[in-house]
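**Student:** Under this note's numbering, the first residue of the sequence shown is numbered 534, with each subsequent residue one higher. A virtual CB, placed ideally from N, CA and C, is assigned to each residue, including glycine.
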Amino acid sequence: YNFPQGRITDHRIGFTLYNLDAVLNGEIQELIEALQFAENAEKLTRS
Numbered sequence: 534y535n536f537p538q539g540r541i542t543d544h545r546i547g548f549t550l551y552n553l554d555a556v557l558n559g560e561i562q563e564l565i566e567a568l569q570f571a572e573n574a575e576k577l578t579r580s
């Protein structure tokens with residue numbers, strides 16, 4: 534996370550959000566969906 538820029542990044546999946554305040558207030562659905570998408574993509578490449 535980067536408070537001055539209001540940014541949160543998950544470098545494992547290359548995903549960045551620019552609504553850190555919302556995430557800290559519990560609005561994490563977009564982040565969860567990005568993580569699920571990355572996990573599913575990884576599973577497909579292993580199959």
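Indicate the three-state DSSP secondary structure (helix, strand or coil) for Asn573 in the structure shown.
**Tutor:** Residue state, collapsed to three classes: helix.
**Student:** Which of the three DSSP states, helix, strand or coil, is assigned to Arg545?
**Tutor:** It is coil, neither helix nor strand.
**Student:** Could you work out which residue in Lys576, Ser580, Glu572 and Phe536 is closest to Ala555 when comparing CA atoms only?
**Tutor:** It is Phe536 whose Cα lies nearest to the Cα of Ala555.
**Student:** Out of Thr578, Arg540 and Tyr534, which has the shortest C-alpha to C-alpha gap to Asn552?
**Tutor:** Of the listed residues, the one whose Cα sits closest to Asn552 is Arg540.
**Student:** In angstroms with no decimal places, state the Cα-to-Cα distance between Gly559 and Gly547.
**Tutor:** One C-alpha to the other measures close to 21 Å.
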